[in-house]
Amino acid sequence: MLLLLAGVTCGSPPAEEGVRVAPFVDHHVHVFNVGWYLLMSERKPAGYVAAGGATSEADVVARAAAAAKAAKAASGGWVTGFGWSQDAWGTPALPTSDALSAAVRDVPVAMARSDGHALWVNRAALARAGLTVGARGVLLERAAEPVLALVPAPADSDIVAAWRLGAEALAERGVLRAYDAGVLALPGIAALNTDFARYVRLLAEADRARPLPMQLCMMIPAPSPYAEQVLAMSAAERQLSPNVRITHLKLFADGALGSRGAALSHPYADDPHTSGVLRMRAPEIAAWTRRALDAGLDVATHAIGDQAVHEVLDAYEAVLRARPDVAPTRLRIEHFSYATDSDFWRAVRLGVALSVQSNFNTPRGVTPTFAEKRVGAAGAGRVYAWDRLARMGAVMVEGSDYFGEPGAPLLGLYSGIVGVNAIGERGDSPEVRSELLRRNSAWLAPGGLLQAPAGAGDAAAGFVVLSADPLLVSVESLLTIRVRPSVRPRQ
Ligand SMILES: [Zn+2]
Numbered sequence: 004m005l006l007l008l009a010g011v012t013c014g015s016p017p018a019e020e021g022v023r024v025a026p027f028v029d030h031h032v033h034v035f036n037v038g039w040y041l042l043m044s045e046r047k048p049a050g051y052v053a054a055g056g057a058t059s060e061a062d063v064v065a066r067a068a069a070a071a072k073a074a075k076a077a078s079g080g081w082v083t084g085f086g087w088s089q090d091a092w093g094t095p096a097l098p099t100s101d102a103l104s105a106a107v108r109d110v111p112v113a114m115a116r117s118d119g120h121a122l123w124v125n126r127a128a129l130a131r132a133g134l135t136v137g138a139r140g141v142l143l144e145r146a147a148e149p150v151l152a153l154v155p156a157p158a159d160s161d162i163v164a165a166w167r168l169g170a171e172a173l174a175e176r177g178v179l180r181a182y183d184a185g186v187l188a189l190p191g192i193a194a195l196n197t198d199f200a201r202y203v204r205l206l207a208e209a210d211r212a213r214p215l216p217m218q219l220c221m222m223i224p225a226p227s228p229y230a231e232q233v234l235a236m237s238a239a240e241r242q243l244s245p246n247v248r249i250t251h252l253k254l255f256a257d258g259a260l261g262s263r264g265a266a267l268s269h270p271y272a273d274d275p276h277t278s279g280v281l282r283m284r285a286p287e288i289a290a291w292t293r294r295a296l297d298a299g300l301d302v303a304t305h306a307i308g309d310q311a312v313h314e315v316l317d318a319y320e321a322v323l324r325a326r327p328d329v330a331p332t333r334l335r336i337e338h339f340s341y342a343t344d345s346d347f348w349r350a351v352r353l354g355v356a357l358s359v360q361s362n363f364n365t366p367r368g369v370t371p372t373f374a375e376k377r378v379g380a381a382g383a384g385r386v387y388a389w390d391r392l393a394r395m396g397a398v399m400v401e402g403s404d405y406f407g408e409p410g411a412p413l414l415g416l417y418s419g420i421v422g423v424n425a426i427g428e429r430g431d432s433p434e435v436r437s438e439l440l441r442r443n444s445a446w447l448a449p450g451g452l453l454q455a456p457a458g459a460g461d462a463a464a465g466f467v468v469l470s471a472d473p474l475l476v477s478v479e480s481l482l483t484i485r486v487r488p489s490v491r492p493r494q
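In our numbering, the protein residues as written are 4 to 494.
If you want it as structure tokens, here you go:
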């Protein structure tokens, strides 16, 4: 047993009691959408397509056609779905609307890709939104918003049920604090025309009625009407309920690599016709960042492609130069998936917080890697290169980015070890594991203070008890470690 590493303390308790570690902190997760996924899995409602396991485009189309028959009588006449990925059926190109529109003519269909940044629709859905048929039938980024606005909104009781299911699922995995990276519009897309105020109000009401099993720091997507309201609130008003507090504005600089919406400085290796979708440039990011800081809020900006990362760093650098009093970790970059060499160094020099996801990394031995497919062999070593960033001295925190099915409690640690670039050439060792665990447990407190994980016995932070020692078991066994009932943190 290595004392003090990753918050593992107390020596070796009797085996049946398990191993106490600091509670996990998920720095980027979509709690409502995790809960919605679980709710849909439980209820299997008419008109909903669970497309996660689909093995071909035809498979998803067939499921949508079956759901459409049922949807005519229920679900407000829409078919919605979540979880498809053309990578899962081995096709580089995104699907088109042709086969889907031929199979489902009179019921609108809207299905979110597994990355939450692409919406596959049929012609009926496009027509209802007043859109002409796109060349591909998959709407990327904000182009999906006119369709999403028409998808029937859930009932209050279902929203509350989803929040609670999501929070409970995470708490069962040892996560007692989380940063909620924003509600994704149903069926699961990052969209700015969502009624964030309603979702957040229902969450806070639920927490007041019966405490949630974890603390939630909310990021509110901007620009949006609710972001404007939040900017005008006092710090006290942003503590919405005992366990729910608004801490960040969330900005989006680009989309995701999976649907080729991540903004690259060059064409995609597997589709030379596009270099992605840049949603915000540096001046706009800087303006929102200044507004947030002036109002006492921190900022988290989604940036995956190297062009998007560059824009965010330009913005953050300008703001920090003019405001040397601001703790740089109040400014976060969500994902930081791909960057140029000079921007790796710039992120380290500025000291902004990089919120990374080890479970995005392709496992060793799988070729070509996802990174090689999308950005090409030359840049693949700079995709998800968390080990390199750690060795350079970057401030990094770890999140799952779950918005569908949550994985095993220690999936993040496991993925860090088996991922191609996550620990580079260092190989597995207790030291590497403890460093990864620390990244999964460190608390980036509101105000930008990075705090080491609290140890066992710290009543304010609580602890969790694992069924085995994550520093000692085999890599594969990490996925079988379970969390035993844990102490809830006090606010
Ligand atoms: Zn996310």
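Just so you know, even glycine gets a beta-carbon here, dropped at the ideal spot from N, CA and C.
Same chain only: Cβ atoms within 7 Å of residue i, ignoring 5 sequence neighbours per side
{"i": "ASP390", "result": "ASN424, ALA425, ILE426, GLY427, ARG429"}
{"i": "GLU479", "result": "none"}
{"i": "ILE288", "result": "LEU254, ALA256, THR304, GLU314, VAL315, ALA318"}
{"i": "ASP210", "result": "SER244, PRO245, ASN246, VAL247"}
{"i": "THR372", "result": "THR365, ALA383, VAL423"}
{"i": "SER418", "result": "SER361, ASN362, ASN364, ALA425"}
{"i": "LEU323", "result": "VAL329, PRO331, LEU353"}
Of the listed residues the options, nearest to residue i (C-alpha basis)
{"i": "VAL359", "options": "VAL378, ALA397, VAL203", "result": "ALA397"}
{"i": "PHE199", "options": "ALA188, SER278, LEU134, GLY379", "result": "ALA188"}
{"i": "VAL355", "options": "PHE363, ASP62, GLU337", "result": "GLU337"}
{"i": "SER160", "options": "GLY38, PHE373, ARG248, ARG487", "result": "GLY38"}
{"i": "ARG263", "options": "SER340, ALA65, VAL203", "result": "SER340"}
{"i": "ASP328", "options": "GLY191, ARG485, ASP101, ARG293", "result": "ARG293"}
{"i": "ALA455", "options": "LEU234, ASP109, PHE373, VAL400", "result": "VAL400"}
{"i": "VAL203", "options": "LEU134, THR250, VAL24, LEU179", "result": "THR250"}
{"i": "GLY86", "options": "VAL52, ASP273, LEU260, ALA448", "result": "VAL52"}
{"i": "ALA380", "options": "ALA388, ALA272, ASN443", "result": "ALA272"}
{"i": "ARG131", "options": "SER117, PRO155, LEU143, GLU144", "result": "PRO155"}
{"i": "GLY308", "options": "MET283, GLY419, GLU408, ILE223", "result": "MET283"}
{"i": "ARG367", "options": "GLY384, SER100, SER117", "result": "GLY384"}
{"i": "PRO149", "options": "TRP291, THR197, GLY185", "result": "THR197"}
{"i": "PRO245", "options": "VAL163, LEU206, PRO224", "result": "LEU206"}
{"i": "TRP446", "options": "CYS220, LEU41, VAL124", "result": "CYS220"}
{"i": "TRP326", "options": "ARG349, ALA306, LEU353", "result": "In the sequence on display, residue 326 carries Arg and not Trp. Minimum Cα distance to ARG326 is reached at LEU353."}
{"i": "VAL369", "options": "SER100, ASP183, GLY422", "result": "GLY422"}
{"i": "ARG145", "options": "ARG442, PRO224, LYS72, ASN125", "result": "PRO224"}
Beta carbon of residue i nearer than 9 Å to that of residue j
{"i": "GLY258", "j": "ASP29", "result": "no"}
{"i": "LEU498", "j": "VAL32", "result": "The chain is shown from 4 up to 494; residue 498 falls before or after that span and cannot be answered."}
{"i": "GLY177", "j": "PRO26", "result": "yes"}
{"i": "LEU392", "j": "PHE347", "result": "yes"}
{"i": "LEU416", "j": "ARG394", "result": "no"}
{"i": "TRP81", "j": "PRO111", "result": "yes"}
{"i": "LEU440", "j": "LEU482", "result": "no"}
{"i": "LEU267", "j": "PRO226", "result": "no"}
{"i": "SER104", "j": "GLY55", "result": "no"}
{"i": "ALA65", "j": "ALA127", "result": "no"}
{"i": "TYR387", "j": "PHE363", "result": "yes"}
{"i": "PRO98", "j": "GLY140", "result": "yes"}
{"i": "LEU281", "j": "ALA330", "result": "no"}
{"i": "ALA113", "j": "PRO190", "result": "yes"}
{"i": "PRO409", "j": "LEU173", "result": "yes"}
{"i": "MET222", "j": "GLY185", "result": "yes"}
{"i": "ALA230", "j": "ALA285", "result": "no"}
{"i": "LEU234", "j": "ALA298", "result": "yes"}
{"i": "GLY451", "j": "LEU334", "result": "yes"}
Proximity test, residue i beta-carbon vs ligand 1 heavy atom, cut-off 8 Å
{"i": "ALA193", "result": "yes"}
{"i": "GLY119", "result": "yes"}
{"i": "GLU337", "result": "yes"}
{"i": "GLY261", "result": "no"}
{"i": "ALA184", "result": "yes"}
{"i": "HIS251", "result": "no"}
{"i": "HIS305", "result": "yes"}
{"i": "HIS269", "result": "no"}
{"i": "HIS30", "result": "no"}
{"i": "HIS276", "result": "no"}
{"i": "HIS313", "result": "no"}
Near ligand 3: residue i beta-carbon under 8 Å from a heavy atom
{"i": "ASP404", "result": "As for ligand 3, it is missing from this structure, which binds only ligand 1."}
Close Cβ partners of residue i (< 8 Å) along its chain, the five nearest in sequence each way excluded
{"i": "ILE192", "result": "ALA115, GLY119, HIS120, ALA121, LEU122, ALA147, LEU151"}
{"i": "VAL486", "result": "GLU175, ARG176, GLY177, PRO412, VAL467, VAL468, LEU469, SER470"}
{"i": "ALA74", "result": "ALA49, GLY50, GLY80, TRP81, VAL82, VAL110"}
Other residues of its chain near residue i: CB distance less than 6 Å, five sequence neighbours each side excluded
{"i": "ALA57", "result": "VAL63, TRP87"}
{"i": "ALA265", "result": "ASP257, GLY258, ALA259, GLY279, ILE307, GLY308"}
{"i": "GLU20", "result": "none"}
Pairing CB atoms from the segment 208–216 with CB atoms from the segment 254–270, are three or more of them under 8 Å?
The segment 208–216, when compared against the segment 254–270, does not touch it at the 8 Å Cβ threshold.
Could you check whether the segment 88–98 touches the segment 167–183, counting it as contact only if at least three pairs of C-beta atoms, one from each stretch, sit closer than 8 Å?
Using a Cβ-Cβ distance cut-off of 8 Å, the segment 88–98 and the segment 167–183 are not in contact, since fewer than three pairs of beta carbons, one from each stretch, lie closer than that value.
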